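Residue numbers (full-length UniProt numbering): 1 to 694. One structure is given here, and the rest of the page talks about it.
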């Protein structure tokens, strides 16, 4: 054990000695490396000093030679840089290499502070960069030349995407863009691309708009005189001959019944094509009859044209969005798209504002201008039908909500619609058009009902919950927001219509002309009642005016009673000279109750009795002439009411006349019977059957 302990002690001692020797060796190696590093550093400094000494000692062979080389290179590249590069990728790569050499020249002249040459090199460098921008524009614009209006219309009618051949220029354009991106100049290329493409779309839309307008002007100019004549004739005659059959007849008599063509559903979300609405296809004759309105238009042609522009806008945007796939990566789309749509969107906004302003200024939006007004709804419907397509378009192309252009455009038309509706209520309330002498249904009544029927066809647009506006016709307590409240509007419109009809009767027809007042009010009230009763929107009006049907029926009954009152002989002292049937019945009653003429035909008449009979027959003839002229100048549009009034007239005057005629006509009291016995009961019956025919 002692020997083992001694051995271990000796081994530990030897280990410590070896460890100390190893540490000394490492320290010696480190000192050696540091010494070598100091020698290398010193040698490098000496080498640099020697090189500087060589340069200072021989400037003619180093600096001057270098500067001359840069001058020579600048001269060689001057013409190459000023020459626009071709679209081939090899040429573009060579051009980019030369442009980088110019950049080296700029840096050299800048380092040695040769200011004049530096400016020249910078100018050439900028020229080359601009040439690259132009070359990149040509690569993109060269595949989509300016589209003619007819070609653009054909593209709108396609149901499948038109392929864009951009693969050939894809590599070349990307090379240019990567060079710009590497040098930090990519924004210039993006701005140039967006500006030129945006301008191209703007020009294409403007050209299409002018084409559509000129096409309509050429077509309408040939029929302008005819249409003016028709419009004048319609305003001159307000009779309703076409309504004699039944009050269920469709609103006609010179008022065009507008039933908007059904707009079929658009194809589900697409990304590469769009088409026109079926009812406004450019291949159809886009012109319709224009009235003699002082405004530039009064039909739906302008709004149809705008829908064509909307389809064209979508086609152009889709084509440009496809080009972006080849030209830029997704990270740059968010900055390019807003600039790309800026110019065409601004143009469409201007056209929309102009269109809405023109329609708002139309003087008769419930008649000659209603087609143009309905056109605003058809445009809103276009946006609704295209909603899914827009969402897909925005989603695929990373467009933020503030750049959703259909919301911007549709808001213009929505605001215009609400303003027009307020104006229409005022037009109906303040209408001052004259009355016809025949007492027929007033054109205002026809126009309002026709307008309401046409407006009801767009209830799907009106009830869309995406829109909300502040207006006196918008009054919905529910949380659901609508373009406007159709029930409120229809109720206010009917209220204003009835008030205006009553005002016309009270101000334009003398109070003593009771027959004409009764016929006028009877025609308008019965027509309104019958049309509303058969209309799908009558329920909406009753929700706001529950008693309107009973009130209209009561008014019709009062008008009939007022007219038939003239046949009664009661309270004669209360009637004035215009109650034509009272003199007739009074004359007949006087003769039937005259004892001096009640004798047999075998007994000779006294001269006085002869004169009494002559005067009686002459007065009866005069009264029948008056009745015929007066009742035949009026119109009763409802066939049932017309028949009823004729039947009651026969009961009131035909039966007494038969008794009168049978008792006195056979008496020989005159040598000129044709003068006094002009009418017979059959003739009077025929005259009554011709009442209210005008």
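The beta carbon of each residue, even a glycine, is placed where N, CA and C say it ideally should be. Model, not experiment: these values are computed from the prediction.
Name the DSSP beta bridge partners of residue i, please?
i           : result
residue 693 : 635
Find out if the Cβ-Cβ distance for the pair residue i, residue j is shorter than 7 Å.
i           : j           : result
residue 384 : residue 464 : yes
residue 438 : residue 634 : yes
residue 209 : residue 340 : no
residue 637 : residue 527 : yes
residue 201 : residue 316 : yes
residue 435 : residue 462 : no
residue 428 : residue 497 : yes
residue 649 : residue 624 : no
residue 525 : residue 508 : no
residue 520 : residue 502 : no
residue 367 : residue 488 : no
residue 312 : residue 212 : no
residue 522 : residue 559 : yes
residue 424 : residue 365 : yes
residue 110 : residue 118 : yes
residue 548 : residue 656 : no
residue 329 : residue 199 : no
residue 347 : residue 205 : yes
residue 50  : residue 179 : no
Pop quiz: residue i and residue j are said to be a contact at Cβ under 8 Å. What is the actual Cβ separation, rounded to whole angstroms?
i           : j           : result
residue 148 : residue 176 : Contact flag wrong, Cβ pair sits at about 30 Å.
residue 420 : residue 359 : 7 Å
residue 412 : residue 349 : 7 Å
residue 98  : residue 77  : 5 Å
residue 417 : residue 491 : That pair is no contact at about 18 Å.
residue 132 : residue 102 : Their Cβ separation, rounded to whole angstroms, is 12 Å, which puts residue 132 and residue 102 out of contact at 8 Å.
residue 592 : residue 670 : Not a contact, Cβ separation roughly 19 Å.
residue 146 : residue 203 : 7 Å
residue 121 : residue 74  : 6 Å
residue 456 : residue 537 : 5 Å
residue 518 : residue 563 : 5 Å
residue 664 : residue 613 : 6 Å
residue 128 : residue 81  : 4 Å
residue 696 : residue 452 : As displayed, the chain neither begins before 1 nor continues past 694, which places residue 696 out of reach and without an answer.
residue 632 : residue 590 : Not a contact, Cβ separation roughly 26 Å.
Could you pull out every residue in the same chain whose Cβ sits closer than 8 Å to the Cβ of residue i, ignoring the five residues on either side in sequence?
i           : result
residue 300 : 288, 371, 372, 374, 375, 378
residue 554 : none
residue 173 : 136, 139, 140, 326, 327
residue 685 : 650, 654
residue 459 : 486
residue 397 : 321, 324, 333, 337
residue 610 : 669, 670
residue 84  : 131, 134, 135
residue 404 : 390, 394
residue 192 : 133, 136, 137
Which residues in the same chain as residue i place their Cβ atom closer than 6 Å to its Cβ, once the five residues preceding and following it in sequence are excluded?
i           : result
residue 621 : 678
residue 406 : 383, 390
residue 155 : 315
residue 226 : With a pLDDT of 36 at residue 226, under the threshold of 50, the modelled position of that residue is not reliable, and no figure is offered here.
residue 207 : 149
residue 10  : none
Sorted by chain position, which residues of the same chain lie with C-beta nearer than 7 Å to residue i's C-beta, five sequence neighbours on each side aside?
i           : result
residue 265 : Its pLDDT being 31, under 50, residue 265 is placed unreliably in this model, and the value from its coordinates should be taken loosely. Same-chain partners within the cutoff: 385.
With a cut-off of 7 Å, does the C-beta of residue i fall near any C-beta of chain D?
i           : result
residue 394 : Absent here is chain D; the protein component of the structure consists of one chain.
Inset, instruction - Pick out the complete alpha helix (DSSP H) segments inside the region 590-676, 4 residues or longer, and give them in chain order. - result: Runs found: 607-632, 639-649, 655-664, 673-676.
Inset, instruction - Enumerate, from N- to C-terminal direction, the unbroken alpha helix (DSSP H) stretches of 4 or more residues contained entirely within the region 493-538. - result: You should have 514-533.
Legend entry - Inside the region 372-452 only - beta strand (DSSP E) runs reaching at least 3 residues: Complete beta strand (DSSP E) runs here, min 3: none at all.
Inset, instruction - At 3 residues or longer, and completely inside the region 306-348: list those beta strand (DSSP E) runs for me, N to C. - result: Listed in chain order, nothing qualifies, since the region 306-348 has no complete beta strand (DSSP E) run of 3 or more residues.
Inset, instruction - List in chain order: all unbroken alpha helix (DSSP H) runs of 4+ residues lying wholly within the region 164-211. - result: 167-183, all fully within the region 164-211.
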